[in-house]
Amino acid sequence: MKLLNILHYPDNRLRKKGQNVAIYDDNLNIIAMNMLHTMYESKGIGLAAVQVDIQIRLIVIDISEDRNQPLILVNPVIISKEEEIKFDEGCLSVPGFYEPVDRFNQIKYSFFDINGLKHEDSAEGLLAVCIQHEIDHLDGKLFVDYISDIKRDRIAKKLKKQESQGVASVRKKVPYSI
Ligand code: QAP
Ligand code: CO
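In terms of the working numbering, the sequence shown is residues 17 to 194.
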């Protein structure tokens with residue numbers, strides 16, 4: 017399995033849209049497995065193909081405590097949504113930042129599994145929010161698009177600075193590090 021490179025905001029490639037998957041072959045399976053591996057290694061609960069610079073409508077999720085209940089959703093679509101909530105969100109593409117976002121607490125959604133079989137299901141709470149967040153990625157949208165311009169610009173500036181200095185040198189500046 018391969019660790020994939022996760023793009024960080026404000027990388028423009030995060031604005032590309034994912035194309036519908038038409039062929040369910042080994043290649044799709046390999047991408048899904050590498051995405052799950054990358055998500056687990058990064059301690060994430062969700063990852064969309066667009067975040068690893070692959071423009072297809074594929075997301076992987078695991079919200080289980082034991083990290084042993086992977087979900088692979090191909091061409092996911094939200095059919096209905098109910099009950100507005102504010103949810104504190106983060107993102108592997110926006111490391112270190114968390115902000116409240118308006119979402120829906122209950123959704124019905126459809127998707128294709130890795131074999132190309134269609135399913136319909138419902139979700140609520142964290143899973144529902146995670147599916148909404150990941151489908152946004154497939155449309156080039158990030159959770160920071162829902163917060164104020166000022167906050168978003170501040171986050172972009174900080175992440176750009178970190179990127180230019182390199183994560184290692186940022187760590188070196190922390191006084192309590194060994
Ligand atoms: C999306 O996000 C999500 O900042 C998935 O330093 C998040 O997996 C949906 C992560 C919250 C619903 C609620 C973020 C890991 C992981 C970070 C993630 C970080 C390390 C985020
Ligand atoms: Co994200």
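Glycine residues also receive a C-beta, built at the ideal position from the N, C-alpha and C atoms.
Distance cut-off 7 Å: HIS24 Cβ against heavy atoms of ligand 2
No, ligand 2 has no heavy atom inside 7 Å of this Cβ.
ILE47 classed as buried or exposed, judged by whether at least 16 other C-beta atoms fall within 10 angstroms
It is buried - the Cβ of ILE47 has at least 16 other Cβ atoms within 10 Å.
CB-CB under 8 Å to LYS189, same chain, minus the five flanking residues each way: which ones, in chain order?
Since pLDDT at LYS189 reaches only 49, below the 50 mark, its modelled position is unreliable, and no value is offered.
Uninterrupted alpha helix (DSSP H) stretches inside the segment 41-87 (no shorter than 4 residues):
Within the segment 41-87, the complete alpha helix (DSSP H) runs of at least 4 residues are 42-57.
How many Å lie between TYR162 and ASP118 at the Cα?
If I take the Cα positions, the gap works out to 8 Å.
In three-state terms, what does DSSP make of LEU175?
In this structure, LEU175 counts as helix in the three-state DSSP scheme.
Please find out if some non-hydrogen atom of ligand 2 comes closer than 7 Å to the beta-carbon of LEU108.
Indeed, a heavy atom of ligand 2 lies less than 7 Å from the Cβ.
Under the criterion of a Cβ to heavy atom distance below 7 Å, does HIS53 qualify as lining ligand 2?
Proximity of the beta carbon of HIS53 to ligand 2 is not indicated: no heavy atom of the ligand is located closer than 7 Å.
Can you tell me the Cβ-Cβ gap for MET51 and VAL76, rounded? I've got them flagged as a contact below 8 Å.
About 5 Å separates the two Cβ atoms, so the contact holds.
Identify, in the order they occur along the chain, each residue of the same chain with its Cβ nearer than 7 Å to the Cβ of LEU108, setting aside the five sequence neighbours on each side.
Around LEU108: ILE22, SER58, GLY60, LEU63, GLN67.
So, using beta-carbon positions, are LYS18 and GLY156 closer together than 8 Å?
No, Cβ-Cβ distance for LYS18 and GLY156 is not below 8 Å.
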